[in-house]
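Have a look at the structure below, then the notes.
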Amino acid sequence: MLSLRARLALAYMGAIVLVVALAAAGAHWSLARAVHGQLDAALLALAETELAMLPAAAGPSVAVHDYSRESTAPPSLVRLDRLVQIIDADGHAMARSANLGEATLPAAAALRERLAAGETVFQTLDSFGEEPVRMVSVPVQGHGPVLAVQVAGSLDDVNHVVDSASLLFVVMGFALLLTIGAAGAWLTRGAFRAIDEVVRQAHQIGGTRLSERLPHPGTRDEIGRLVDTLNEMLSRLEQGFEAQRRFTADASHELRSPLSRLRTELELALRRPRDPADYVAALRSSMEEVERLTLLVEELLTLARIDAGQERGSVEAIALGELVEDAVRRLHPSARERRIEIVVVPGAPVEATAARGAVSLVLANLLDNAVKFSPPGGQVRVEMASEGRSAVVRVIDAGAGIRQDEIPHLFERFHRGANTRSEHIPGVGLGLAISQAIAASCGGRVEAGNAIGGGAVFALRLPRAD
61 MLSLRARLAL AYMGAIVLVV ALAAAGAHWS LARAVHGQLD AALLALAETE
111 LAMLPAAAGP SVAVHDYSRE STAPPSLVRL DRLVQIIDAD GHAMARSANL
161 GEATLPAAAA LRERLAAGET VFQTLDSFGE EPVRMVSVPV QGHGPVLAVQ
211 VAGSLDDVNH VVDSASLLFV VMGFALLLTI GAAGAWLTRG AFRAIDEVVR
261 QAHQIGGTRL SERLPHPGTR DEIGRLVDTL NEMLSRLEQG FEAQRRFTAD
311 ASHELRSPLS RLRTELELAL RRPRDPADYV AALRSSMEEV ERLTLLVEEL
361 LTLARIDAGQ ERGSVEAIAL GELVEDAVRR LHPSARERRI EIVVVPGAPV
411 EATAARGAVS LVLANLLDNA VKFSPPGGQV RVEMASEGRS AVVRVIDAGA
461 GIRQDEIPHL FERFHRGANT RSEHIPGVGL GLAISQAIAA SCGGRVEAGN
511 AIGGGAVFAL RLPRAD
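Residue numbers (my numbering): 61 to 526.
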């Protein structure tokens with residue numbers, strides 16, 4: 061298969077050949093028509109001059125006004141190569157120019173019929189003499205037996221002009237093709253040189269060299285924009301690979317820690333015989349680690365399904381008030397255990413366009429975090445509102461709030477803030493990442509900030525149902 065460069069060159073040359081051929085053909089046709097028109101006009105003008113000089117009463121005095129040897133006037137160069145003849149209704153020559161000699165211009169019956177009908181007739185005579193001849197026959201009215209005035213001229217000069225122009229067009233066409241072809245080859249060579257350099261550099265960029273970028277040609281043309289787009293894609297790939305590496309490392313660390321503790325508990329329990337109470341304590345500790353591992357695996361599977369687009373569910377118009385009440389009802393036991401009051405601020409009904417199950421999971425995560433970070437006896441408030449084209453649910457806890465330097469990293473996978481680690485709050489740092497991913501799959505987002513009176517604010521924004 062031909063390369064792109066070869067296909068472009070063939071298409072380019074084909075287009076040029078077609079355009080040049082059409083232009084040359086059009087120019088040739090226009091020139092031939094123009095020079096033939098000039099000859100026809102000259103013949104017609106001479107015929108009309110002879111017609112005007114005919115006597116009012118035609119008779120033996122009918123004659124062609126030709127150059128005479130006895131005339132003292134200079135010869136008319138206009139008439140030297142023109143053959144003039146005056147014919148009657150039978151086609152007989154009544155008068156003719158001296159340069160006709162003994163010959164007569166043809167006047168066939170069909171031509172005489174058209175002249176009798178008052179039609180001016182142009183003809184090309186290929187076999188009249190040594191050269192092709194163009195003849196015009198102009199009918200005469202009111203001059204007795206005179207039928208028409210005929211004037212003929214050689215086509216040799218006209219054909220010579222047309223042939224010379226044709227040769228000139230061919231030479232100019234070849235020169236134009238060579239010039240444009242060379243210019244096109246030079247331009248495409250420069251363009252493809254830049255593309256070849258981009259391809260060579262792209263082949264060298266692998267998974268371990270994603271920090272490298274393709275060389276920019278320094279122009280803002282199509283190739284420059286292509287290189288910019290590819291470099292932006294490489295930046296996104298680098299960020300994705302880096303996030304994947306961090307995710308893998310963090311997941312490995314999170315899995316290793318409970319497994320190490322579980323193995324240690326079991327090894328200590330098996331090292332020597334113990335009392336039944338010690339075995340029970342070891343089993344309970346192991347059970348906690350197993351539950352932690354189970355939670356971690358379930359959240360990792362949830363993230364995997366979200367990344368694969370399998371967690372969104374069917375989108376519909378949902379009443380956020382119902383979902384909020386359901387989430388509060390499910391979290392009521394754990395909130396009561398910590399003596400946390402969850403208050404849903406009354407307001408106008410709010411509807412959003414999203415997947416019911418996905419939004420329920422996000423609300424459960426946000427409320428669970430608010431309960432965890434609120435001190436015993438605190439209050440968690442839930443507000444709902446319509447803001448522009450968004451339906452918003454805000455969850456405001458009574459905790460210490462979020463440090464400003466931690467806000468940009470809250471939704472990163474396995475990120476746990478300083479307050480979480482210092483207060484030994486359970487979790488693996490995937491809840492907010494899952495919530496953000498689910499919200500994004502529904503066309504929304506989760507925002508984080510601090511309330512004016514203290515505490516953290518997490519706002520779930522979803523497309524409002526019109």
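Cβ coordinates follow ideal geometry from the N, Cα and C atoms, glycine included.
From a predicted model like this one, the values you see are computed outputs, not experimental measurements.
Here D217 is exposed, its C-beta having fewer than 16 other C-beta atoms within 10 Å. Closest in alpha carbon position to P318, among T354, G241, Q439 and S157, is T354.
M195 is classed as buried because its beta carbon has at least 16 other beta carbons within 10 Å across all chains shown. With 16 or more other Cβ atoms inside 10 Å of its own Cβ, D457 counts as buried.
Counting only the Cα atoms, E173 lies some 21 Å from R156. The Cβ atoms of N425 and S345 lie no closer than 7 Å to each other. The C-beta of L361 has fewer than 16 other C-beta atoms within 10 Å across all chains shown, which makes the residue exposed. Distance between E190 and L165, taken at the CA atoms: about 14 Å.
Counting along the chain, the unbroken alpha helix (DSSP H) around V384 starts and ends at L380 to E397. Within 10 angstroms of the beta-carbon of G504 lie 16 or more other beta-carbons, which makes it buried. Boundaries cannot be given for Q464, as no beta strand (DSSP E) includes it and DSSP labels it neither H nor E.
In the structure shown, S434 falls within a coil segment according to DSSP collapsed to helix, strand and coil. Secondary structure of Q496 (DSSP, three-state): helix. By the Cβ neighbour-count rule, V77 is exposed, with fewer than 16 other Cβ atoms within 10 Å of its own. Under DSSP, S446 takes part in a beta bridge, and its partners are A451. One Cα belongs to S197, the other to A107, and the distance between them is close to 8 Å.
Sequence-distant Cβ neighbours of G437 in its own chain, meaning closer than 7 Å and more than five residues away, are R399.
Sixteen is the threshold: since fewer than 16 other Cβ atoms of the shown chains lie within 10 Å of the Cβ of A105, the residue is exposed.
Counting the other CB atoms within 10 Å of its CB gives F182 a total below 16, which places it among the exposed residues. Contact check for G448 against G515 fails: the beta carbons are separated by 7 Å or more. Looking from the CA of T184, the closest CA among Q464, S214, G278 and L380 belongs to S214. Between the alpha carbons of G151 and N159 lies a gap of roughly 19 Å. P523 is bridged by DSSP to S450.
For R142, there is no enclosing alpha helix (DSSP H); the residue is part of the beta strand (DSSP E) that begins and ends at R142 to D148. Following the DSSP letters along the chain, one finds F229 in no beta strand (DSSP E) but inside the alpha helix (DSSP H) bounded by residues D216 to Q264. Under the three-state reduction of DSSP, G491 is assigned to helix. In this chain, the alpha helix (DSSP H) harbouring V80 covers L64 to A112.
Nearest to A414 by alpha-carbon distance, out of A445, F301, A337 and A499, is A499. For A414, the uninterrupted beta strand (DSSP E) segment begins and ends at E411 to A415. The alpha-carbon of G250 is positioned some 17 Å away from that of T239. By the neighbour-count criterion, in which 16 or more other beta carbons inside 10 Å mark a residue as buried, L227 falls on the exposed side. Listed in chain order, the alpha helix (DSSP H) elements of length 4 or more contained wholly in the region 159 to 196 are 169 to 176. Remark: fewer than three beta-carbon pairs, one from each stretch, lie closer than 8 Å, so the region 332 to 343 and the region 461 to 475 are not flagged as touching. Exposure of D223 is indicated by the presence of fewer than 16 other C-beta atoms within 10 angstroms of its C-beta. Residue environment: D148 is assigned as buried (16 or more neighbouring CB atoms within 10 Å of its CB, all protein chains considered). Bounds of the beta strand (DSSP E) holding V404 are E401 to V404.
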